[in-house]
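Protein chains: 2
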Amino acid sequence: MGKHLVKFVPDDVSATVDTGVNILRAASLAGIEIKSTCGGKGSCGRCAIKVLDGQVRYEEGNRSKKLKDQGLNLACQTIVEGDVTIEVPKDSRLDEHQVVLENENYGKVLEAKEVDILEGYEFSPLCRKVQLTLDPPNLTENTSDLTRLQAKLRQNTDCKELIVGLPILQHLAETLRQEDWKVTATLACMNGITEIVQVEPGHVANDGYGLAIDIGTTTVVVYLVDLSNGETIDKLGTYNKQAKYGDDVISRMIHAGEEGGLQELQQAVIGSLNELIDKLLDRKDVSSEDVHVAIMAGNSTMAHLLLGLPPKYIRLEPYIPTATELPPVKAKELQIHINPEAWVLNFPAVASYVGGDIVSGVLATKISQADEMTLFIDIGTNGEIVLGNKEFMISCACSAGPAFEGGGITFGMRAMNGAIERVRISPKTYSVQLETIGDGAPIGICGSGLIDCLAKLHKVGLIDRTGQFFRDKETPRLRKTDDGWEFVLAWAEESGNNQDVVITEPDIKNLLRSKGAVFAGIQSLLKSMQMDVNMIEKIIIAGGFGNYLNVEDAVQIGLLPDVDRDRYEFLGNTSVKGAKLALLSQAAYKKSIQLGHMMTYLELSAGTTFMDEFVSATFIPHTDLTLFPSVKDKE
Amino acid sequence: MGKHLVKFVPDDVSATVDTGVNILRAASLAGIEIKSTCGGKGSCGRCAIKVLDGQVRYEEGNRSKKLKDQGLNLACQTIVEGDVTIEVPKDSRLDEHQVVLENENYGKVLEAKEVDILEGYEFSPLCRKVQLTLDPPNLTENTSDLTRLQAKLRQNTDCKELIVGLPILQHLAETLRQEDWKVTATLACMNGITEIVQVEPGHVANDGYGLAIDIGTTTVVVYLVDLSNGETIDKLGTYNKQAKYGDDVISRMIHAGEEGGLQELQQAVIGSLNELIDKLLDRKDVSSEDVHVAIMAGNSTMAHLLLGLPPKYIRLEPYIPTATELPPVKAKELQIHINPEAWVLNFPAVASYVGGDIVSGVLATKISQADEMTLFIDIGTNGEIVLGNKEFMISCACSAGPAFEGGGITFGMRAMNGAIERVRISPKTYSVQLETIGDGAPIGICGSGLIDCLAKLHKVGLIDRTGQFFRDKETPRLRKTDDGWEFVLAWAEESGNNQDVVITEPDIKNLLRSKGAVFAGIQSLLKSMQMDVNMIEKIIIAGGFGNYLNVEDAVQIGLLPDVDRDRYEFLGNTSVKGAKLALLSQAAYKKSIQLGHMMTYLELSAGTTFMDEFVSATFIPHTDLTLFPSVKDKE
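So the protein lines, in turn, are chains A and B. Every letter in the first sequence is one number past the one before it in the numbering used here, and letter 295, counting from 1, is 600. Every letter in the second sequence is one number past the one before it in the numbering used here, and letter 159, counting from 1, is 464.
Below, the structure written as structure tokens:
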């Protein structure tokens with residue numbers, strides 16, 4: 306077996322690999338992030354590359370005619386047999402700049418929205434600095450350095466139990482004496498225990514920093530928070546580098562079960578975090594030593610992978626995570642690029658599929674303190690739903706599939722430039738008017754566009770309640786191909802990629818299954834509490850999906866309950882907001898631990914309620930039209 | 306600068322070093338332990354070696370005429386300039402087999418003495434194993450693996466707070482399922498917190514093991530304790546490898562301040578411990594994974610060096626340690642060869658010179674529960690003294706110097722074969738009868754021999770109360786040399802090393818200063834409590850020194866108080882015994898932490914009491930003869 310040099314252009318980076326390694330893996334080694342939804346199984350067709358030079362062997366993968374025509378091959382199906390040069394097209398790359406953060410203005414001052422997060426809680430960050438001037442020892446007052454420091458801290462704060470780790474002790478003697486017994490101690494307070502996590506010589510003015518982090522399956526978002534005033538001084542998002550091992554949690558879990566896979570996934574997400582952290586600290590000129598705590602909110606699989614816990618039994622029935630309440634770990638244990646002694650905390654989960662991101666969202670939205678009966682919905686590949694108020698909270702997860710994120714849809718794409726987000730169809734001529742993100746030529750359809758499209762196709766009578774096209778409608782946009790029926794949203798000459806942008810009948814069926822799963826989840830929760838939709842006083846839509854969602858459309862297709870539209874609220878990334886709240890309030894952090902215990906979990910696959918509800922909900926809007934009075938009115 | 310091969314014979318091991326490195330360092334790198342009292346400063350003259358071949362350069366060191374005659378050079382003053390071959394004589398080597406353990410019979414059963422250690426405490430080891438059979442999860446009872454385990458543990462034990470570290474969680478899912486939800490959890494209970502430190506598949510019969518460890522400046526002793534029944538199933542001692550950086554704590558502290566010195570000292574003692582641990586586990590066929598806790602008792606400097614804490618300010622006035630109460634650390638942090646998740650605990654110290662070994666001794670001897678007024682004395686290079694009972698405890702440390710360990714004495718040596726331990730001198734002819742350890746030909750004098758010798762020289766009227774020889778005594782054994790007056794204990798032809806074994810006037814002065822320091826310490830403690838020697842109801846002699854000490858001799862020279870001899874008790878290595886007690890009783894461990902706070906420390910260098918007492922106590926037996934009625938009687 307030989308060693309071969311795989312060179313990538315235009316990047317001009319390379320990796321040395323053994324004979325038999327595929328280009329997807331070689332690219333990863335060379336630091337190039339290539340898209341791969343299937344995790345290198347040759348089925349998703351996203352990892353297209355061009356072999357410019359050298360000896361390779363091709364395996365059989367799902368290579369489209371279009372790729373063939375362009376002379377492109379799948380990276381995962383291209384096997385190195387000698388030195389090669391590879392071109393990676395822009396379309397095949399994961400690009401961090403495509404990640405959309407809310408409040409994209411990286412303000413130096415706090416937006417009003419950010420300040421509100423503390424409502425109901427006192428400002429008491431998990432870490433703070435205390436300036437001290439100790440009395441120097443002498444022969445008759447000769448307690449140890451640590452005892453002296455602890456005594457002064459007890460005097461100047463309300464901390465009783467004060468623990469300290471070995472690395473701090475190893476420098477304590479010199480640190481205390483360096484500025485003549487003037488020091489600044491950084492305290493981390495969690496669950497009644499206070500740890501001295503840093504001691505600096507002299508009186509240090511700043512109060513240190515913390516990170517609020519949302520680890521999503523697709524993207525990771527990091528907020529850099531000044532702990533002296535609670536301001537988010539900067540924030541960044543990027544794609545989760547785990548994406549190269551598969552797009553969704555299921556393919557990640559499968560990869561984790563392969564040889565070395567768990568470590569690869571752990572390193573990938575830590576790599577994504579460190580990339581963001583390095584950039585944030587660099588551009589705000591904050592030393593990594595000054596970041597003393599990080600709080601992570603992510604779904605159970607993400608939390609497991611971050612900590613190197615095998616997620617195998619999350620995937621297999623009866624879906625058991627190793628732990629829902631995860632122990633605090635030191636940054637050095639995970640090699641996160643902040644102070645090595647900093648605590649890295651994970652939000653507790655409720656169950657395998659209602660994770661720390663949802664608990665964080667519930668914390669941020671203060672449902673557990675609310676009088677109103679609230680429905681909290683976070684829609685992604687999984688739809689996680691929480692129903693409750695200060696009296697009770699019940700939660701469930703339903704597998705919505707990737708349709709709302711553009712997965713499994715012929716021209717599906719994420720919400721980025723060129724994505725169709727709004728559709729108008731003339732009820733007479735079936736002519737189409739489109740709105741795209743960035744107002745460019747359309748190249749695909751994002752989740753909100755798909756929902757709108759479905760609503761409009763139904764409204765103008767192009768599809769029936771099962772999502773099937775009426776074959777007799779006379780318009781060139783409706784046509785039958787080898788793959789079945791489809792409707793043209795944009796002709797090749799209008800589109801941004803010289804292809805007709807279409808929505809097919811299988812696309813529509815996919816969408817109906819997705820929306821059906823979410824609505825069936827809502828109905829199951831309500832029924833378990835013997836409630837109906839009219840008893841819901843507030844509906845909170847969380848997650849990136851909500852940023853582009855048109856509620857009217859969503860109700861029209863039967864995705865969301867048909868209640869007063871002003872009961873709906875969009876709160877964006879509640880996961881990172883909850884993490885920030887816990888960072889700034891010891892009481893909120895404590896509350897988050899309690900929430901993990903308080904929230905009941907309803908396993909939808911136990912019993913038949915969900916399946917019955919799902920079947921009824923795969924119609925537009927539903928088999929039971931009384932649930933959708935406003936839709937019925939328009940019929 | 307070149308690289309050179311330094312070969313050592315007869316060991317036939319070698320080290321590759323740069324030009325300019327000395328042989329003492331090269332030997333250390335090659336794994337050969339050479340004696341060095343001064344820590345490589347060329348002053349102690351102990352590290353003699355012979356250069357057989359190759360290119361070296363000599364620096365000026367304190368090389369005796371004897372060494373010159375034998376063609377020997379000091380290893381620390383011999384500088385490598387090319388490939389060399391070095392012979393290391395037996396006398397220059399630290400030999401682990403010379404370490405004497407009490408109860409040298411490595412019994413498989415517990416000696417009666419060992420069982421008594423638990424008196425007054427309930428058997429409740431810091432670690433124990435619990436066999437569990439969990440109910441498997443299902444869709445409706447789907448709590449996490451950890452929650453399931455914790456719930457069962459709470460059911461089957463009285464533990465409430467149950468924490469767990471990441472490494473355990475990383476294998477938990479598979480471990481629980483491997484033997485169909487039958488597992489054995491190992492719990493470590495300390496200070497009210499219980500940690501799950503291991504989870505094994507199936508029901509494991511053994512209860513795991515713990516280590517009780519005494520880290521002395523000279524020797525380290527490890528007991529391997531079966532935590533199911535409290536038996537010491539094996540024990541071993543060896544020299545502390547730190548000895549190559551200096552014999553006493555002061556030279557170690559100085560070395561710690563040099564570049565890389567602290568790390569060398571830390572690695573040296575950990576190396577000594579691991580050597581013993583490896584041997585013990587190997588010969589008892591115990592897996593390192595089954596050792597779940599280790600308790601260390603050592604003086605403050607030893608504890609600092611073990612944990613990598615710089616001892617600089619222990620040495621400098623006002624003698625401040627970094628910490629007296631040391632945080633528990635994981636075995637993996639120190640790379641101790643037991644279960645990586647095992648806790649390594651250090652006994653708390655009272656002050657820089659009353660360390661964890663003394664607190665451990667006080668715990669073992671149960672002084673803090675005693676009615677009788679007790680004096681606890683541990684004599685080594687430092688004499689540590691505790692006075693008290695259940696009402697109060699006060700402690701101090703006095704610098705006795707190395708004389709009692711043979712240091713600074715012309716023919717001084719440790720208590721090993723060939724050491725004179727008993728001396729008889731005819732009051733008429735001044736002829737001498739000797740007893741040696743192992744009954745061999747005498748080669749030197751150990752501490753107990755020195756005390757006896759001093760007592761006898763005074764008793765037969767060869768020295769006056771200041772320790773000066775009466776010059777007019779007519780015996781060839783009393784003679785004047787270039788270095789002053791000396792008395793011959795063994796002639797060259799009787800001795801084991803073909804030299805006259807002598808005791809010199811400077812030797813005697815050294816001994817008087819040593820014994821004076823100890824007695825002055827005792828007097829200072831008593832005076833601080835406005836007490837006198839007659840109020841002492843019990844005197845406990847701890848430490849290896851007590852094994853060979855003749856109390857009558859010690860009283861005669863004024864080292865120990867002149868009270869009823871049956872008030873004296875020898876308890877041997879109370880340091881390791883206290884460690885074992887803490888290992889076997891959670892209450893005792895807790896007590897040890899309290900003792901660190903309860904014991905008052907009297908700093909002898911503050912004020913003038915000690916100095917006045919010291920001057921009076923450097924006479925035989927003392928300036929105040931009323932303190933020594935039994936000695937006065939014999940005068």
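Beta carbons: idealized from backbone N, C-alpha and C, even for Gly.
Integer-rounded CB distance, given that residue j should sit under 8 Å from residue i
| i | j | result |
| --- | --- | --- |
| A/Gln334 | A/Ala353 | Note that residue 334 of chain A is Leu in the sequence shown, not Gln. At roughly 19 Å, the Cβ-Cβ gap does not stay under 8 Å, so A/Leu334 and A/Ala353 are not in contact. |
| A/Thr629 | A/Ala669 | In fact, because the Cβ distance is near 19 Å, the residues do not count as touching under 8 Å. |
| B/Thr905 | B/Ser700 | 7 Å |
| B/Leu599 | B/Ala636 | Note on identity: in this sequence residue 599 of chain B is Ala, with Leu being the wrong assignment. Right, their Cβ atoms sit about 7 Å apart. |
| B/Ile555 | B/Arg620 | 6 Å |
| A/Phe716 | A/Ala825 | So it is not a contact: roughly 27 Å between Cβ atoms. |
| A/Val649 | A/Val574 | That pair is no contact at about 12 Å. |
| B/Leu541 | B/Leu585 | 6 Å |
| B/Glu427 | B/Ser731 | Actually they are not in contact, since the Cβ atoms of B/Glu427 and B/Ser731 sit about 57 Å apart, beyond 8 Å. |
Under the three-state DSSP convention, the category residue i falls into
| i | result |
| --- | --- |
| A/Glu638 | helix |
| A/Ile925 | coil |
| B/Arg727 | strand |
| A/Phe919 | helix |
| A/Gly376 | coil |
| A/Gln773 | coil |
| A/Leu329 | helix |
| A/Val655 | coil |
| B/Ala493 | strand |
| A/Asp871 | helix |
| A/Cys751 | coil |
| B/Glu799 | coil |
| A/Tyr735 | coil |
| A/Leu930 | helix |
| A/Val414 | Any reading at A/Val414 must be qualified, since the residue scores a pLDDT of 23, below 50, and its modelled position is unreliable; the value itself is stated next. Residue state, collapsed to three classes: coil. |
| A/Gln403 | Only weak support exists for where A/Gln403 lies, its pLDDT of 41 falling under 50; the value from the coordinates is given anyway. Note: A/Gln403 maps to helix in three-state DSSP. |
8 Å Cβ cutoff met for residue i and residue j
| i | j | result |
| --- | --- | --- |
| A/Ala561 | A/Leu610 | yes |
| A/Val393 | A/Ala332 | yes |
| A/Phe919 | A/Phe709 | no |
| A/Asp683 | A/Asn694 | no |
| A/Leu532 | A/Gly515 | yes |
| B/Ser341 | B/Gly551 | yes |
| B/Val385 | B/Leu357 | no |
| B/Thr771 | B/Glu791 | no |
Counterpart residues of residue i in DSSP-defined beta bridges
| i | result |
| --- | --- |
| A/Leu650 | A/Ile600 |
| B/Ile684 | B/Gly688 |
| B/Thr809 | B/Glu791 |
| B/Pro626 | Answer by DSSP bridge pairing: none, since B/Pro626 is not bridged. |
| B/Pro506 | B/Val488 |
Alpha helix (DSSP H) segment containing residue i, residue limits
| i | result |
| --- | --- |
| A/Tyr994 | This structure cannot speak to residue 994 of chain A, because chain A is shown only from 306 to 940. |
| B/Ile582 | Gly566 to Arg588 |
| A/Tyr528 | Unbroken run through A/Tyr528 is the beta strand (DSSP E), Thr524 to Asp531; no alpha helix (DSSP H). |
Beta strand (DSSP E) segment containing residue i, residue limits
| i | result |
| --- | --- |
| A/Glu791 | Gly789 to Ala795 |
| A/Arg362 | Ala353 to Tyr363 |
| A/Leu310 | Lys308 to Val314 |
| B/Asp539 | Thr537 to Tyr544 |
| A/Leu516 | Tyr514 to Ile520 |
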